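Position in the sequence shown counted from 1, then plus 7, gives you the numbering used here. Heads up, the beta-carbon is just placed ideally off N, CA and C, and yes, glycines get one too. Source: prediction; values computed, not measured. Structure record follows, encoded as structure tokens.
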Amino acid sequence: SFLSLTIQFTLHSTRMFFHFIKEFKSSNQKSVWLQLLLPWTVWISLLFIMGPAKWLFAYVIPLLIANFIVMAYIATNHRLNPIVPVNDPLANCLSVTVPRWVDVLHFNFSYHTEHHLFPAMSSKYYPLVKEKIKEMWPERYHEMPMTKALAALWNTPRVYYQGSELVDPHREHFYGSLGNGLDPHNISYREEHIEEDESIKKVNQ
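Here it is, written out as structure tokens:
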């Protein structure tokens, strides 16, 4: 459900905090805990200062909108692509296109393949990386407008079958993934009886 995008990033980041906190040196853990608790303390304090109605508009609604924006990128950037045995950003990532002013506001986050190829690079150079990729591997580079990617996400299931297909296990409809038969302009599926198989797996990202 697209509604879940409004909370997924907050839930995921909180889960990652508790998963990785023990990897910090004990001398640094207090500082990391403070970075988690201080913002929550401020926002919860404002709930009592402002009252529920104002707090809803000052914090909750902006939080839901921010979650949706971030997850709209992340979901389209990865969940239409296949799961591959070796991390290959040209296979498992999708870059989306948005208006230039949106790229400015979001620090070129739409250039997601470029981000995964060079995660330490300043995002202002991603357009140059994109040009070079399209020059060298035009047939392997995946990109489409954000609206088209969201529509494709809406019209396909989120369960993977054998890494390269998306399957609706209830209707037994099989869809391709990007590079494996998925056409965002004409989304179609094939019907096939599903045998119990360990290769059917739900992706938690």
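Determine the direct distance from the alpha carbon of residue j to that of residue i, and round the result to whole angstroms.
i	j	result
Pro59	Tyr66	10 Å
Asn187	Val93	16 Å
Glu84	Leu101	It should be pointed out that residue 84 corresponds to Asn in this sequence rather than to Glu. Going by the C-alpha atoms only, they are around 5 Å apart.
Ile61	Trp50	The identity of residue 61 in the sequence shown is Lys, whereas the question assumes Ile. Rounded to whole angstroms, Lys61 to Trp50 spans 12 Å at the Cα level.
Asn35	Met23	17 Å
Asp29	Val91	The amino acid at residue 29 is misidentified as Asp; the sequence shows Lys. Approximately 29 Å between the Cα atoms of the pair.
For residue i, is the classification buried or exposed, using 16 other Cβ atoms within 10 angstroms of its Cβ as the cut-off for buried?
i	result
Ala4	Given that the chain is displayed from residue 8 to residue 212, the structure contains no residue 4 and the question cannot be resolved.
Phe116	buried
Val103	buried
Met78	buried
Asn211	Note that Asn211 scores 42 on pLDDT, short of 50, meaning its location in the model is unreliable and no value can be drawn from it.
Thr154	exposed
Lys137	buried
Val111	exposed
Thr21	exposed
Phe114	exposed
Phe25	exposed
Out of the options, which has the shortest C-alpha to C-alpha gap to residue i?
i	options	result
Arg86	Arg197, His149, His192	His149
Pro176	Glu138, Met151, Val166	Val166
Ile68	Lys37, Val105, Pro152, Leu10	Leu10
Pro89	Ile194, Leu189, Asn193	Leu189
Q) Are there three or more Cβ pairs, one per stretch, closer than 8 Å when the stretch 120-129 is compared with the stretch 156-165? A) no
Q: Any chance you could list the alpha helix (DSSP H) runs of at least 4 consecutive residues sitting entirely within the stretch 33-114, in chain order?
A: 33-57, 59-62, 68-85, 96-99, 107-112
Q.
Report the start-end ranges of each alpha helix (DSSP H) in the stretch 136-208 that is 4 residues or longer and not cut off at the edges.
A. 153-161
Q.
Would the stretch 9-20 count as touching the stretch 70-84 if we require 3 or more Cβ pairs under 8 Å?
A. yes
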